[in-house]
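Below you'll find the structure, written out as structure tokens, and then a few comments.
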Amino acid sequence: MNAMPTSVVPRKPTPAAANAAAASFAALTAKLDYLSAADIEHVRQAYRFADQAHLGQLRNSGEPYITHPIAVAQQCAEWKLDAQALMAALLHDAIEDCAVTKPELIERFGAPVAELVDGLTKLEKLEFNTREENQAESFRKMLLAMARDVRVILIKLADRMHNMRTLSDAPRSKWKRIASETLDIYAPIAHRLGLNSTYRELQDRSFQHLHPWRYAILTKALTRARGRRRDVIKRVQSEVEAAFATAQIAVRVYGREKTLYSIYHKMDQKHFSFAQVTDLYGFRVILQDVTACYSAMGILHQLYKPLPGKFKDYIAIPKVNGYQSLHTTLVGPFGTNIEFQMRTDAMHVVAEAGVAAHWLYKASDPNSDTSQRLGTKWLQSLLDIQQETHDAAEFWDHVKIDLFPEAVYVFTPKSQIMAMPRGATIVDFAYAIHSDVGHHAIAAKVNGEQVTLRTELLNGDVIEVITSPVSTPNPAWLGFVRTGKARSKIRHYLKSMALTESQELGEKMLAQALRAEGIDRQRLSADDGAHHAKWEKILRFTGNRSRAELLTDIGMGKRIASMIAKRIVTFLAEDGEKPDALLMSRERYIPHESVSQGGLVLDGNEGSSVQFARCCSPIPGDGIVGYLGRGEGLFVHTDDCVVAKRLQQRDSERFIAVDWSDEPARTFETNLMVTVSNGKGVLAKVATALAGAEVDITHVDMGHEPANGATDLRFTVAVRDRIHLAAAMRNVRRTQAVLRVQRVKAGA
Numbered sequence: 007m008n009a010m011p012t013s014v015v016p017r018k019p020t021p022a023a024a025n026a027a028a029a030s031f032a033a034l035t036a037k038l039d040y041l042s043a044a045d046i047e048h049v050r051q052a053y054r055f056a057d058q059a060h061l062g063q064l065r066n067s068g069e070p071y072i073t074h075p076i077a078v079a080q081q082c083a084e085w086k087l088d089a090q091a092l093m094a095a096l097l098h099d100a101i102e103d104c105a106v107t108k109p110e111l112i113e114r115f116g117a118p119v120a121e122l123v124d125g126l127t128k129l130e131k132l133e134f135n136t137r138e139e140n141q142a143e144s145f146r147k148m149l150l151a152m153a154r155d156v157r158v159i160l161i162k163l164a165d166r167m168h169n170m171r172t173l174s175d176a177p178r179s180k181w182k183r184i185a186s187e188t189l190d191i192y193a194p195i196a197h198r199l200g201l202n203s204t205y206r207e208l209q210d211r212s213f214q215h216l217h218p219w220r221y222a223i224l225t226k227a228l229t230r231a232r233g234r235r236r237d238v239i240k241r242v243q244s245e246v247e248a249a250f251a252t253a254q255i256a257v258r259v260y261g262r263e264k265t266l267y268s269i270y271h272k273m274d275q276k277h278f279s280f281a282q283v284t285d286l287y288g289f290r291v292i293l294q295d296v297t298a299c300y301s302a303m304g305i306l307h308q309l310y311k312p313l314p315g316k317f318k319d320y321i322a323i324p325k326v327n328g329y330q331s332l333h334t335t336l337v338g339p340f341g342t343n344i345e346f347q348m349r350t351d352a353m354h355v356v357a358e359a360g361v362a363a364h365w366l367y368k369a370s371d372p373n374s375d376t377s378q379r380l381g382t383k384w385l386q387s388l389l390d391i392q393q394e395t396h397d398a399a400e401f402w403d404h405v406k407i408d409l410f411p412e413a414v415y416v417f418t419p420k421s422q423i424m425a426m427p428r429g430a431t432i433v434d435f436a437y438a439i440h441s442d443v444g445h446h447a448i449a450a451k452v453n454g455e456q457v458t459l460r461t462e463l464l465n466g467d468v469i470e471v472i473t474s475p476v477s478t479p480n481p482a483w484l485g486f487v488r489t490g491k492a493r494s495k496i497r498h499y500l501k502s503m504a505l506t507e508s509q510e511l512g513e514k515m516l517a518q519a520l521r522a523e524g525i526d527r528q529r530l531s532a533d534d535g536a537h538h539a540k541w542e543k544i545l546r547f548t549g550n551r552s553r554a555e556l557l558t559d560i561g562m563g564k565r566i567a568s569m570i571a572k573r574i575v576t577f578l579a580e581d582g583e584k585p586d587a588l589l590m591s592r593e594r595y596i597p598h599e600s601v602s603q604g605g606l607v608l609d610g611n612e613g614s615s616v617q618f619a620r621c622c623s624p625i626p627g628d629g630i631v632g633y634l635g636r637g638e639g640l641f642v643h644t645d646d647c648v649v650a651k652r653l654q655q656r657d658s659e660r661f662i663a664v665d666w667s668d669e670p671a672r673t674f675e676t677n678l679m680v681t682v683s684n685g686k687g688v689l690a691k692v693a694t695a696l697a698g699a700e701v702d703i704t705h706v707d708m709g710h711e712p713a714n715g716a717t718d719l720r721f722t723v724a725v726r727d728r729i730h731l732a733a734a735m736r737n738v739r740r741t742q743a744v745l746r747v748q749r750v751k752a753g754a
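So for the sequence shown, the numbering used here puts the first residue at 7; every next one is plus one.
As structure tokens, this is what we get:
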């Protein structure tokens, strides 16, 4: 996935260009001493093939194109990736730019190398409406390839690194797009995988090309500051080394300078001037073991005064990408704030190379599995999200949340530690444990105290999630969850439930419409082999792939049940089957003159496929009609609702007869307005009267106007039916200070 434009017009390479390519490959082979002779030969063969494939192609700089794949392979060699990865790095543009086929690569270099190259190849040119959709689809496929084999993203990051190093050769008009993409996508991925040196370089080079003037000014300022503070840094380093020598602890001390982008980001976020950024410099102290790291902390705190609240222990609690170190900020000579990071050699390798540390360790110790786990939880979670999200833009929306995590560390009741992004809630935590825990969560305890599910997590919280087997995800959760995994799981569940409920509703509606045409549903059973051909004919007519899809479309209002029923009658007539006249007359002449389809009985258990309109809030006992929204399911209105009457004039064929079940399965919400004489405790008295009638109050609105002699209180209440509502209203009327009680139907 090479972001840099290339020239593919064949040109005869000059001797100087050929020598440059040969010199580049010689520099690569010098770094392959960790590979066997056979592996080096395989890499050499891949180079020859790529060199031939890219013959005559030049980069914007005028260099032979092959110098780019060689540079990518060199970076991979620095990470000590295996021979297959190096071969894929050399061949990564062969399929796209050179008309080389995947089968050809399989035959020449084996399936694993071909799969890596295929994973790296640019996406086929698909038709997208916007650049954002194209980018989202590219990102989705890249992440899936990465989750299957992390070497794909390591090669991709090496590819992007070289492209950023040579971006100045590209037309200036392309700088902003490529640099923004690098800053938004590739740098965060490098950080998430622990590739810190790569992360810092990508940020700095993106900054250089996004804001060239600011980059130049800041570079000059940093150079001047470096000169002024050189003596301070030397003094600190010598004092630290002397302190450790006195304590007889073997250390290596390295000075570290804050990157230009991190300085700029801090100035931008906190509205600082350059002079106000005091922590430009830091030190890394490399020690022999973990015990020495903690001893070093004590020695440094005796040497310089520590800043309160600036100590972080990432050894006991590693970052999610595997990073481990002790951090402390001290006040050095002349009041300069200096950060120290203490870590072992092994931690240092992981800190700089992250996931790539697996191959670095493997090169020196083939039996070591250290850092194999790094980043793998996040990578695996990408596949989990993909299984529920097939829309590319939605997938990108889920995943980008997880690319910028400021972690908080929390505990399960069994003291298992979990890292969550800052701002994550109880629901995010529940889904991080297991999908079933998230789906069935109803409450939680944090540090032994009952809290709501939207409570944000804080460092050190001990969290216990309380579940119920009958509980299901609430759509309102999408308004506060922070992790991509939780968001995708909730959306997937809601979509699946909506489809299932729509299918069940569609089946009821089609059965009712067929009865109105004199056809009993048993005569057209899907399980009956004799009717299989009829259903095939019906599906060809509707354009649906399956009976389930057709029923779902009917339930969602995308198709009209009565029209489908009439077509089915036509197909049956072609086979000599006649409608049942008695059934037809019984169904058609029930008094449903205002509707075009057969009636449907509702008990409140229909789920999200049936919605009770908020404009009139119908309850059992009200006269009702059903409006089939286009793709939105069935909306139930009261028969005197002005909204429903307006829709009926416009779309009468989309109305169906609906009626209440004799025994509704739940309560239904409606609205009351209670006018009261203002006084102390009046709201409590009205609430007590409603509670005495066994009515649940789900919402109260007192308005924003100052309370005068009379005040309107608006209640949303849940009742069983009209009789229950009438009893509650009588109770409220008897209450002292109540002047008037009325049901509010906005659409009536």
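Note that the Cβ used here is the ideal one computed from N, Cα and C, for glycine as well.
These figures come from a predicted structure and were not determined experimentally.
DSSP-derived helix/strand/coil call for residue i
i, result
"residue 555", "helix"
"residue 13", "Confidence in residue 13 is poor, its pLDDT being 41 and thus under 50, which makes the residue's placement too unreliable to answer from."
"residue 695", "helix"
"residue 254", "coil"
"residue 84", "helix"
"residue 422", "coil"
"residue 742", "coil"
"residue 727", "coil"
"residue 827", "Nothing in the structure corresponds to residue 827, since the chain is present only between 7 and 754."
"residue 673", "coil"
"residue 470", "strand"
"residue 333", "strand"
"residue 48", "helix"
"residue 659", "helix"
Opposing strand residues paired with residue i [DSSP bridges]
i, result
"residue 68", "None; residue 68 has no bridge partner."
"residue 626", "628"
"residue 183", "The partner list for residue 183 (beta bridge, DSSP) is empty, contrary to what the question assumes."
"residue 641", "617, 633"
"residue 577", "None, per the DSSP bridge assignment."
"residue 347", "290, 333"
Proximity of residue i and residue j at Cβ, strictly below 8 Å
i, j, result
"residue 703", "residue 723", "yes"
"residue 461", "residue 452", "yes"
"residue 737", "residue 699", "yes"
"residue 518", "residue 557", "no"
"residue 261", "residue 347", "no"
"residue 739", "residue 747", "yes"
"residue 429", "residue 488", "yes"
"residue 175", "residue 66", "yes"
"residue 627", "residue 749", "no"
"residue 215", "residue 78", "no"
"residue 339", "residue 246", "no"
"residue 745", "residue 681", "yes"
"residue 158", "residue 122", "yes"
"residue 688", "residue 734", "no"
"residue 416", "residue 469", "yes"
Same chain only: Cβ atoms within 6 Å of residue i, ignoring 5 sequence neighbours per side
i, result
"residue 559", "565"
"residue 618", "624, 642"
"residue 609", "667, 670, 671"
"residue 449", "472"
Same chain, Cβ closer than 8 Å to residue i, five either side skipped, listed in chain order
i, result
"residue 447", "432, 433, 436, 459, 471, 472, 473, 477"
"residue 441", "495"
"residue 611", "671, 672"
"residue 665", "605, 606, 607, 608, 630"
Chain-order list of residues whose beta-carbon lies under 7 Å from that of residue i (same chain, five-residue window excluded)
i, result
"residue 345", "285, 288, 333, 335"
"residue 653", "633"
"residue 71", "12, 60, 63, 64, 65"
Stretch pair the region 193 to 200 + the region 219 to 232: three plus CB contacts closer than 8 Å: no
Decide yes or no for the touch test of the region 183 to 192 against the region 314 to 321: beta carbon pairs closer than 8 Å, at least 3 of them. Put simply, the region 183 to 192 does not touch the region 314 to 321. Fewer than three CB pairs are less than 8 Å apart.
Evaluate the contact criterion for the region 33 to 50 versus the region 68 to 83: three or more CB pairs, one atom per stretch, below 8 Å. yes
Taking contact to mean 3 or more Cβ pairs, one atom from each stretch, closer than 8 Å, check whether the region 50 to 65 and the region 86 to 98 are in contact. Yes, they touch.
Per the contact definition of three or more C-beta pairs closer than 8 Å, is the region 250 to 259 in contact with the region 297 to 307? yes
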